[in-house]
Amino acid sequence: MYTHEHYMLRALEVAQRAEGYTYPNPLVGCVIVHQGRIIGEGYHRKAGEYHAEIEAINSCREPHLLKESVFYVTLEPCAHYGKTPPCALRLKEIGPKMVVVGSYDSNPLVAGKGTALLRQAGVEVLEGVLEKKCRELNRRFFCFHEKKRPYVVLKWAESKDGYIDKNFRPAKITTALESQWVHTMRAKEEAILVGTGTALSDNPSLTTRLVEGPNPLRLLIDRTLKVPETHRIYSSEAPTWVFNLIKEQTRGSTEYIKLSENNIEEQILKVLYQRGIQSVLVEGGAYTLQRLLDLGLYDQIVRFKNESLELEKGTLAPRVPPGLDFKKEWMEESVRMEYQMV
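To convert, note that position 26 of the sequence shown is 26 in the UniProt record's numbering; the numbers rise steadily by one, no gaps.
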């Protein structure tokens, strides 16, 4: 007989199929088990569509067995009316043998109400199965609701000798395959941010053109509006928000958001939180990245180090704070190092 952990792992696998598509909702997977046999699976595909529990119920071809089954859900079933009815209410109607929950939902609209409703109805509830893995799956969602700001990922590529450009001009540091991996990263985050220097020197489009996936919202810190509107960051491929000190204006898919001069980074994260943006990938440049590192306003660092390239002179890469846990993986020419803020 398999353990609760076995079926929760399967629910986590199922949930990951929708990565990048569920904002502002979390990733959730559900597996229905009857006497050791999986009779239904489902995951939340997109905001506004059925939640994982309902998808799993609808997939079951033996509905008469639901009452005698165990439901494994990676996140506490919702208990409020949103775009869809509460999942906890549907589970209450079924009255399953047990509901096994991976992690508590810290969204104030749920926050223990789902499991309470089930227990009041006499349904046995087991919580905290593979909780760490379930929270990791929705680290953006939990950061947003618990820290009251988006989940911040800092990303850069550097040479073996620690430079991010050559003679202060753009340099190709990652290979085509490694660049494709970066585009996969972009598709997982709601927004992507760069500063004036990067927008001017690299003229990036900041899209996911190399992979299948949604384009993130583009964010530009351009205090005095130096970046011409002819640059790619202003293209119609995705919306662009420009944080600046001069004007408030909306024109087409571009919005100019005026900030005060002090604490720009904190102001930006506050605006993003207020507008419901749960995650942001920061791709530079060195000044913007170092500012966020120094302020402690980050949750994850993804650093590419090309071990076969020396640039000798240029802009030094940001300094990673000491003592951070990290994992590394060889790609083609680079080592990818991922650091996680505790």
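Where is the CB? At the ideal position from N, CA and C, for every residue including glycine.
Asked                                                                                                           : Found
Where L289 falls: helix, strand or coil (DSSP)                                                                  : helix
For V320 and R223, the rounded distance between their alpha carbons                                             : 26 Å
DSSP beta-bridge partners of Y7                                                                                 : The partner list for Y7 (beta bridge, DSSP) is empty, contrary to what the question assumes.
Residue 367 - partner residues in DSSP beta bridges                                                             : The chain is shown from 1 up to 342; residue 367 falls before or after that span and cannot be answered.
Touching by the beta-carbon criterion (3+ pairs, under 8 Å), the region 311-325 and the region 139-153          : no
Exposure of L309, with buried meaning 16 or more beta-carbon neighbours within 10 Å                             : buried
Cβ-based burial, I221 [other Cβ within 10 Å; buried from 16]                                                    : buried
Buried versus exposed, by CB contacts within 10 Å (16 or more), A176                                            : exposed
Beta-carbon proximity check, V302 vs E338, cutoff 8 Å                                                           : yes
Environment of Q274 [buried if 16+ CB atoms lie within 10 Å]                                                    : exposed
Check whether L219 and A191 have beta carbons under 8 Å apart                                                   : yes
Spatial neighbours of K188 in its chain, beta-carbon cut-off 7 Å, leaving aside the 5 residues before and after : E19, G20
Separation of I39 from D294, as counted between CA atoms                                                        : 50 Å
Contiguous alpha helix (DSSP H) assignments of at least 4 residues, all confined to the region 135-193          : 139-147, 176-188
Sequence-distant residues of its chain with Cβ nearer than 6 Å to M8 (five each side left out)                  : Y72, G102, V129, L130
Same chain only: Cβ atoms within 7 Å of K133, ignoring 5 sequence neighbours per side                           : L12
Unbroken beta strand (DSSP E) run spanning L281, endpoints                                                      : 279-284
Delimiting residues of the beta strand (DSSP E) encompassing V302                                               : 300-306
Cβ-based burial, H64 [other Cβ within 10 Å; buried from 16]                                                     : exposed
For I38: DSSP bridge partner residues                                                                           : V33
Own chain, CB closer than 6 Å to K328, minus 5 neighbours either side, in chain order                           : V335, M337
Local conformation of G58 per DSSP, three classes                                                               : According to the sequence as given, residue 58 is Asn; it is not Gly. Reduced to three states, the DSSP call for N58 is helix.
Identified DSSP bridge partners for I268                                                                        : DSSP output for I268 lists no bridge partner at all.
G195 in three-state terms, based on DSSP                                                                        : strand
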